[in-house]
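*Asks:* One structure, pasted below without further comment.
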């Protein structure tokens with residue numbers, strides 16, 4: 105396990121000497137024209153698209169429900185915390201809205217890129233299971249993992265990446281030390297366990313400034329019928345409210 109990060113040093117900046125169509129991320133510099141139903145067309149315009157060979161990803165919300173020590177069941181989520189170089193390097197930019205955060209690390213959902221072999225039925229769940237072991241130390245059986253709704257685009261104005269969401273109940277599973285994927289980018293990553301309500305609150309306060317994490321936590325709450333504002337499951341609020349509860353597609 106790597107020790108606590110103190111600094112990320114920029115050893116070299118290869119931007120000016122590198123091709124935009126080579127590397128982990130690719131930049132497509134396009135000239136486009138829109139065509140409309142009435143037969144008209146727009147003027148030509150430039151468009152930059154950030155892409156990569158494996159464009160899409162899966163994020164998994166690991167959770168457990170604890171029933172002892174509290175008058176009502178409590179939902180905990182297992183997240184990860186580690187450094188992310190792109191947001192650490194924000195400190196070098198002249199931002200319109202000043203950001204005093206240092207971003208030596210960020211808390212976020214366990215997630216990973218979809219890779220060749222993840223196609224078809226069960227592919228999403230298989231990838232989510234592998235990432236759960238690498239990043240959080242849980243060996244989650246594939247049959248415990250389920251999708252919660254369809255995917256969403258992370259930043260559709262510049263990127264074609266779509267993130268899919270899954271959940272898995274890890275109640276009763278033993279957690280091992282996360283093995284990681286061997287890359288320096290993952291060094292120093294640790295598991296973080298938070299009460300679901302607290303995790304959502306931290307997202308709103310900017311303490312967990314990660315969009316996919318907030319989306320995933322809210323989808324989890326809907327999928328399991330948990331009302332974080334009340335700290336209650338809908339099933340505990342009486343038959344009328346239970347019948348009226350709608351997961352709004354999170355369980356589909």
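Numbering (my numbering), first residue to last: 105 to 356.
Glycine included, each C-beta is placed from N, C-alpha and C at the ideal position.
(1) Return the chain-ordered ranges of every beta strand (DSSP E) run that is complete within the region 176 to 225 and spans a minimum of 3 residues.
(2) Would you report the Cα separation of residue 195 and residue 266, rounded to the nearest angstrom?
(3) Just how far apart, CA to CA, sit residue 311 and residue 317?
(4) Alpha carbons only, please: which of 336, 117, 213 and 129 is nearest the one belonging to residue 294?
(5) Out of curiosity, what's the CA-to-CA distance linking residue 139 and residue 153?
(6) For the 8 angstroms Cβ check, are there 3 or more pairs between the region 282 to 291 and the region 198 to 212?
(7) Which residue from 159, 181 and 303 puts its Cα closest to that of residue 169?
(8) Residue 325 to residue 121, Cα distance in whole Å?
(9) Who are the Cβ neighbours of residue 119 in its own chain at under 6 angstroms, not counting the five residues just before and after it?
(10) Using beta-carbon positions only, say whether residue 244 and residue 274 come within less than 8 angstroms of one another.
(11) Would you list, in sequence order, the uninterrupted beta strand (DSSP E) runs of no fewer than 3 residues that lie entirely inside the region 236 to 265?
(12) What distance in whole Å lies between the Cβ atoms of residue 178 and residue 281, which are believed to be in contact at a cut-off of 8 angstroms?
(13) Just list the beta strand (DSSP E) runs in the region 266 to 354, keeping only unbroken ones of 3 residues or longer that don't cross its boundaries, in chain order.
(14) Inspect the beta-carbon positions of residue 148 and residue 136 and report whether they are closer than 8 angstroms.
(15) By Cβ distance below 8 angstroms, which residues in the same chain neighbour residue 235 in space, the five residues on each side in sequence not counted?
(16) Could you check if residue 251 is buried or exposed, using at least 16 other CB atoms within 10 Å of its CB as the buried criterion?
(17) Starting from residue 151, follow its DSSP beta bridges and name the residues at the other end.
(18) Which one of 258, 259 and 183 has the shortest CA to CA distance from residue 242?
(19) Rounded to a whole number of angstroms, what is the C-alpha to C-alpha distance between residue 105 and residue 292?
(20) Please state the DSSP three-state secondary structure of residue 166.
(21) Among the residues of its own chain, which have a CB less than 8 angstroms from the CB of residue 109, if the five just before and after it don't count?
(22) Determine, using beta carbons only, whether residue 400 and residue 249 come nearer to each other than 8 angstroms.
(23) Assign residue 319 to one of two classes, buried (16 or more other C-beta atoms within 10 Å of its C-beta) or exposed (fewer than that).
*Replies:* Once the coordinates are examined:
(1) Listed in chain order, the beta strand (DSSP E) elements of length 3 or more contained wholly in the region 176 to 225 are 178 to 186, 210 to 212 and 214 to 217.
(2) Going from the Cα of residue 195 to the Cα of residue 266 covers about 27 angstroms.
(3) A direct Cα-Cα distance of roughly 12 angstroms separates residue 311 from residue 317.
(4) That would be 213, whose Cα lies nearest to the Cα of residue 294.
(5) Spanning the two alpha carbons is a distance of roughly 19 angstroms.
(6) No contact exists between the region 282 to 291 and the region 198 to 212.
(7) Checked all of 159, 181 and 303; the closest Cα to residue 169 is 181.
(8) Taking C-alpha positions only, residue 325 is separated from residue 121 by approximately 47 angstroms.
(9) So no residue of the chain qualifies.
(10) Contact flag set, yes.
(11) List check, beta strand (DSSP E) in window: 249 to 251.
(12) 25 angstroms between Cβ atoms; not a contact.
(13) Taking only runs of at least 3 residues, the beta strand (DSSP E) segments lying wholly in the region 266 to 354 are 266 to 273 and 294 to 299.
(14) Their beta carbons are under 8 angstroms apart, which means residue 148 touches residue 136 by this criterion.
(15) So the qualifying residues of the chain are 162, 164, 214, 215 and 216.
(16) Its Cβ being crowded by 16 or more others within 10 Å, residue 251 is buried.
(17) Bridge partners of residue 151: 134.
(18) The residue among 258, 259 and 183 with its C-alpha nearest the C-alpha of residue 242 is 183.
(19) Bear in mind that the predicted position of residue 105 carries a pLDDT of just 49, short of 50, making it too unreliable to give a figure here.
(20) Residue state, collapsed to three classes: strand.
(21) Cβ within range, chain order: 187, 208, 209 and 292.
(22) Since the first residue shown for the chain is 105 and the last is 356, residue 400 is missing from the structure and cannot be characterised.
(23) By the neighbour-count rule (16 or more Cβ atoms within 10 Å), residue 319 is buried.
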